[in-house]
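Shown next, in structure tokens, is the structure this report addresses.
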Amino acid sequence: MITIAIDGYSSSGKSTMAKQLAKEIGYVYVDSGAMYRATTLFAIRNGMTDEASKEVDRDALVRNLPHINISFSLQPDGTQHTLLNGEDVESEIRGMFVSSWVSPVAVIPEVRHYLVGLQQQYGKEKGIVMDGRDIGTTVFPDAEMKVFVDASPEVRAKRRFDELAAKGVAADYEEVLANIKERDHIDTTRKESPLRKADDAFVLDNDRMTREQQMDVLLNLYKKIITRG
Ligand code: DC
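Going by numbering that gives the first Met the number 0, the letters in the sequence shown line up with residues 0 to 228, in that order.
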């Protein structure tokens with residue numbers, strides 16, 4: 000068994016891909032973004048985010064990190080839900096409110112160190128597919144298989160827009176595109192482990208690929224690495 004790191008931009012489809020790959024090869028899947036989201040929810044619920052100033056009370060959050068317990072539970076339908084101190088928060092962490100606070104929480108170095116430590120624990124036994132922004136560079140720099148998913152902001156915005164429309168959420172394409180570009184900027188320019196391709200990562204540009212084609216590429220890469228030993 001090996002360790003598989005999948006990194007990439009927001010809405011690049013990397014989570015769907017990582018989940019499907021894990022299922023195909025019988026590995027554990029860990030969504031590292033969900034961990035940043037659950038930590039953000041903890042901060043919001045405990046009054047550590049200030050709407051007026053748009054600031055996070057860093058000291059309070061850092062002091063409380065030992066009280067943040069994040070785990071995952073497998074549902075009967077095969078999906079995975081995120082638990083915060085034992086409570087299922089899966090739908091709450093996907094909402095717009097948590098999304099709007101997650102970037103300022105994810106830039107706090109102590110938060111990153113804490114979550115990276117937990118992520119490394121999950122990966123100790125290998126046989127894991129983890130997706131995120133810094134998995135191939137910081138969490139598992141020795142991962143045998145690293146993939147960097149790339150797609151243009153326009154294609155990602157269109158996908159996100161269609162996803163929202165399918166959920167019946169009215170959205171403006173230009174607004175979605177602006178939000179994607181802003182998140183790209185924050186993710187790639189933050190000081191602590193910014194999003195960047197690991198030197199030894201395989202680049203998957205999925206602008207013009209179907210899900211099936213992407214999965215074929217990933218499975219072939221996996222088989223090649225496994226047989227190489
Ligand atoms: O993948 P996602 O959109 O659920 O991630 C939520 C946020 O967490 C996103 O703004 C970037 C941040 N994140 C991170 O900084 N490092 C990771 N390994 C995963 C996510």
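Idealized CB from N, CA, C, for every residue including glycine. This structure is a prediction, so every number in the text was calculated from the model and none was measured.
Check: Near the ligand HEM: G122 beta-carbon under 8 Å from a heavy atom; Outcome: In the structure shown, the ligand HEM is absent; the only ligands present are the ligand DC.
Check: Inter-residue CB distance, S31 and M129 (contact presumed, cutoff 8 Å); Outcome: 6 Å
Check: Option in E54, A17, T38 with minimal Cα separation from I134; Outcome: A17
Check: Rounded straight-line distance, which links the Cα of E173 to that of M0; Outcome: 43 Å
Check: 4 or more residues per run - each alpha helix (DSSP H) lying fully within the segment 45 to 122; Outcome: 57 to 63, 89 to 93, 95 to 105, 108 to 121
Check: Start-end ranges of the alpha helix (DSSP H) lying completely within the segment 139 to 216, minimum 4 residues; Outcome: 152 to 165, 172 to 188
Check: Boundaries of the alpha helix (DSSP H) in which I24 is found, first to last residue; Outcome: 13 to 24
Check: Pair within 9 Å by beta-carbon distance, R155 and S14; Outcome: no
Check: Local conformation of Y8 per DSSP, three classes; Outcome: coil
Check: Candidates E153, I69, P103, L82, of which the one nearest G116 by Cα; Outcome: I69
Check: Whole-angstrom distance between L217 and D206, CA atom to CA atom; Outcome: 15 Å
Check: Cβ shell of W100 (< 8 Å), same chain only, five flanking positions each side left out; Outcome: T39, A42, I43, T48, V55
Check: The ligand DC heavy atom lying under 8 Å from the CB of R195; Outcome: no
Check: Beta-carbon proximity list for S151, same chain, < 7 Å, skipping 5 on both sides; Outcome: D206
Check: Unbroken beta strand (DSSP E) run spanning D130, endpoints; Outcome: 127 to 131
Check: L73, buried or exposed, once every other Cβ within 10 Å from all chains shown has been counted against 16; Outcome: exposed
Check: Beta-carbon gap between V138 and A4 smaller than 9 Å; Outcome: yes
Check: Three-state secondary structure (DSSP) of I3; Outcome: strand
Check: Identity of the residue in A105, E89, V97, F147 nearest G7 by Cα; Outcome: F147
Check: Euclidean distance between Cα positions of F238 and G167; Outcome: Limits of the chain in this structure are 0 at one end and 228 at the other, which puts residue 238 out of reach.
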